[in-house]
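Numbering (UniProt numbering), first residue to last: 1 to 623. One structure below.
So, in structure tokens, the structure goes:
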């Protein structure tokens with residue numbers, strides 16, 4: 001049992017032991033011999049009562065620091081058998097409170113000693129004969145036969161409770177209870193100091209802010225680089241991936257950025273629709289990108305090459321073997337151009353399941369110090385034949401550079417994929433739909449894998465130009481292969497932007513974000529939709545939260561989600577109920593959730609993303 005479960009058990013055993021002793025006192029009170037023992041007996045019962053009160057005070061103080069509401073606190077204090085005592089989330093919070101060396105182990109050891117002590121008392125007391133009449137509990141036995149029958153068990157009780165061992169047990173019980181209270185109290189007092197000095201423990205959460213900064217800068221650089229005369233909007237997509245885990249090592253150099261995958265369609269038309277059918281001429285050109293900040297602007301890769309070097313670089317890129325192409329990426333973190341140009345827009349190689357991590361800059365060999373080419377016109381770069389340019393970089397205008405390396409594995413064409421569909425379209429398709437005839441519904445395993453990816457994406461991309469509002473099933477897209485398979489491992493968001501020459505100069509947005517609770521509500525709704533495989537709007541009770549005409553009211557999604565969330569425990573258990581409860585109700589502690597604040601990000605990561613990932617790992621372990 002976890003430490004919190006033991007607390008619940010002890011909370012339930014305490015009143016049982018005291019109640020048994022009080023029953024014995026009521027039954028033996030008329031015995032003449034009990035008169036000489038009453039004072040000592042009452043003293044022992046009062047001692048146990050006092051220890052119970054102290055223990056309950058300690059438990060209340062502990063629960064107030066790890067639970068989210070008075071309702072949850074009262075339910076646990078009043079019901080020692082509540083399922084909340086088994087909550088992995090609360091157990092994890094308790095361990096975070098007792099994060100010092102050996103604190104939690106000693107805390108759990110003392111709780112076990114309390115439990116063993118009380119269990120031993122209860123076991124010995126249960127060996128004595130019950131003395132309360134079943135017919136009339138309020139009346140003491142009066143017959144001589146009953147009195148004689150009670151004498152023997154009373155003498156045994158008298159002998160046991162007058163022994164030194166019984167008193168020592170109560171003293172030891174009080175000592176362990178004091179130790180439990182002191183351990184948690186001191187840890188609680190040290191919490192602010194630990195938090196202020198715990199930069200190393202929070203560095204893994206800072207990676208989300210770094211990812212959001214990089215993604216925003218990349219979006220800025222892309223929009224800034226569309227300086228063409230095209231009339232229609234340019235679409236570009238960002239592929240979402242659970243990469244924060246691989247970046248959480250504090251020892252990783254801060255100068256290195258993550259690999260972000262972006263794709264550009266070769267045909268200008270609107271792609272932000274529920275379902276887009278690819279035409280024969282449609283193709284997507286994809287790149288792996290990394291960011292070099294302004295502190296690295298003297299990097300030799302960003303030195304403008306001379307015309308002679310550029311011609312030499314372009315010529316050598318098209319003639320030399322693919323293995324000699326220069327790259328600032330390690331083979332373990334990005335896909336280097338290793339196929340001929342004719343293959344890029346044809347059938348790509350099979351999808352690789354390798355996970356991206358930090359991009360590791362490599363020092364070029366002395367004989368081939370070729371830098372990436374600066375891309376002045378992104379529209380032209382996308383349409384450049386693949387045998388002439390493999391690596392280029394964009395400037396976001398604020399001192400950061402994004403290096404683009406072609407990724408043929410994601411450069412898909414209409415020969416490989418048939419549709420671009422959003423999550424809404426996947427969830428609501430009916431058996432008569434063409435989409436459902438082409439493929440079977442997604443399994444819960446695949447749907448929950450998407451949920452984990454979207455939960456990470458909320459921390460990494462919101463608020464940013466990629467996710468200006470929140471996570472929504474309308475804004476998450478997938479490629480669908482010709483055989484009907486939905487490429488669930490690579491959800492993406494689509495942005496559209498007109499040429500800078502058509503729309504005017506671009507300036508960084510200075511908009512501030514105050515309360516992001518609606519974004520968390522949207523995440524909670526998406527998690528439930530993916531778990532049940534249904535949209536919120538399709539639930540029978542949804543219309544009850546709309547107006548009389550069936551239209552949404554200001555709080556329709558919140559009230560409907562609240563009703564749906566209460567049913568998650570039936571299928572998903574306490575863990576899923578707690579996760580969705582935090583998202584829907586916003587139970588994270590702060591009254592205003594700001595996902596640009598490290599404390600809020602840490603709370604959402606520790607209490608939503610990690611437990612959600614734990615559910616997926618527990619139910620569908622990777623073998």
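Using N, Cα and C, we set each Cβ at its ideal position, and we do this for glycine too.
Any heavy atom of the ligand COA inside 7 Å of the beta-carbon of residue i?
{"i": "residue 185", "result": "What this structure holds is no ligand at all, so the ligand COA is not there to describe."}
Bridge partners of residue i, per DSSP?
{"i": "residue 285", "result": "264"}
{"i": "residue 211", "result": "Its beta-bridge partners do not exist; DSSP assigns none."}
{"i": "residue 663", "result": "Residue 663 cannot be examined here, being either before or after the span of the chain that is shown, 1 to 623."}
{"i": "residue 237", "result": "263, 494"}
{"i": "residue 480", "result": "419, 486"}
{"i": "residue 523", "result": "In DSSP, residue 523 forms no bridge with anything."}
{"i": "residue 291", "result": "402"}
{"i": "residue 276", "result": "420"}
Could you pull out every residue in the same chain whose Cβ sits closer than 7 Å to the Cβ of residue i, ignoring the five residues on either side in sequence?
{"i": "residue 512", "result": "At residue 512 the pLDDT is 45, less than 50, meaning the model places this residue with poor confidence and gives no usable figure here."}
{"i": "residue 267", "result": "281, 282"}
{"i": "residue 576", "result": "531, 568, 615"}
{"i": "residue 5", "result": "85, 86"}
{"i": "residue 312", "result": "For residue 312, the pLDDT reaches just 41, beneath the cut-off of 50, and the residue's location in the model is therefore unreliable, leaving the point undetermined."}
{"i": "residue 562", "result": "584"}
{"i": "residue 347", "result": "Interpretation of residue 347 is limited by its pLDDT of 32, a score under 50 that renders its predicted location unreliable; no figure is taken from the coordinates."}
{"i": "residue 582", "result": "588, 607, 608"}
{"i": "residue 354", "result": "Because residue 354 sits at a pLDDT of 35, beneath the cut-off of 50, its placement in the model cannot be relied upon, and the following sentence gives the value as read from the coordinates. No residues qualify anywhere along the chain."}
{"i": "residue 446", "result": "488"}
Measure the CB-CB distance between residue i and residue j and report whether it falls below 8 Å.
{"i": "residue 442", "j": "residue 384", "result": "no"}
{"i": "residue 209", "j": "residue 466", "result": "no"}
{"i": "residue 174", "j": "residue 107", "result": "no"}
{"i": "residue 240", "j": "residue 492", "result": "yes"}
{"i": "residue 259", "j": "residue 213", "result": "no"}
{"i": "residue 396", "j": "residue 220", "result": "yes"}
{"i": "residue 111", "j": "residue 180", "result": "yes"}
{"i": "residue 109", "j": "residue 398", "result": "no"}
{"i": "residue 183", "j": "residue 98", "result": "yes"}
{"i": "residue 451", "j": "residue 612", "result": "yes"}
{"i": "residue 414", "j": "residue 523", "result": "no"}
{"i": "residue 533", "j": "residue 444", "result": "yes"}
{"i": "residue 60", "j": "residue 77", "result": "yes"}
{"i": "residue 520", "j": "residue 593", "result": "yes"}
{"i": "residue 265", "j": "residue 497", "result": "no"}
{"i": "residue 378", "j": "residue 222", "result": "yes"}
{"i": "residue 100", "j": "residue 187", "result": "yes"}
{"i": "residue 420", "j": "residue 477", "result": "yes"}
{"i": "residue 538", "j": "residue 426", "result": "no"}
{"i": "residue 382", "j": "residue 285", "result": "yes"}
List the whole-angstrom C-beta distance separating residue i from residue j, where the pair is believed to meet the contact cut-off of C-beta under 8 Å.
{"i": "residue 527", "j": "residue 579", "result": "7 Å"}
{"i": "residue 122", "j": "residue 16", "result": "6 Å"}
{"i": "residue 57", "j": "residue 117", "result": "Actually they do not touch by this definition, with Cβ atoms about 19 Å apart."}
{"i": "residue 114", "j": "residue 206", "result": "That belief does not hold up - the Cβ atoms of residue 114 and residue 206 are roughly 40 Å apart, past 8 Å."}
{"i": "residue 236", "j": "residue 263", "result": "7 Å"}
{"i": "residue 90", "j": "residue 67", "result": "7 Å"}
{"i": "residue 400", "j": "residue 292", "result": "7 Å"}
Can you name, in chain order, every residue of its own chain whose Cβ lies under 6 Å from the Cβ of residue i, other than the five neighbours on each side?
{"i": "residue 545", "result": "556, 559, 560"}
{"i": "residue 482", "result": "418"}
{"i": "residue 13", "result": "118"}
{"i": "residue 51", "result": "173, 174, 177"}
{"i": "residue 416", "result": "none"}
{"i": "residue 194", "result": "none"}
{"i": "residue 8", "result": "80, 85"}
Tell me which residues share the same chain as residue i and place their Cβ nearer than 8 Å to its Cβ, disregarding the 5 neighbours each side in the sequence.
{"i": "residue 69", "result": "587"}
{"i": "residue 601", "result": "205, 208, 209, 459, 595"}
{"i": "residue 598", "result": "202, 205, 206, 209"}
{"i": "residue 553", "result": "545, 546, 547"}
{"i": "residue 462", "result": "212, 470, 471, 516, 519, 595"}
{"i": "residue 82", "result": "8, 75, 76"}
{"i": "residue 297", "result": "Legend: pLDDT at residue 297 = 46, less than 50; position of this residue unreliable, no value from coordinates given."}
{"i": "residue 191", "result": "97"}
{"i": "residue 541", "result": "560, 563, 564"}
Taking 8 Å as the CB-CB limit, is residue i close to chain C?
{"i": "residue 1", "result": "In summary, chain C is missing from the structure at hand, where a single protein chain is found."}
Would you mind listing the beta strand (DSSP E) stretches within the stretch 409-475 that are 3+ residues and don't spill past its ends, in chain order? 417-422
Going residue by residue through the stretch 60-90, where are the continuous alpha helix (DSSP H) segments of at least 4 residues, counting only ones entirely within it? 70-78
Taking only runs that begin and end inside the stretch 568-621, name each unbroken alpha helix (DSSP H) of 4 or more residues, in chain order. 568-585, 598-604, 610-619
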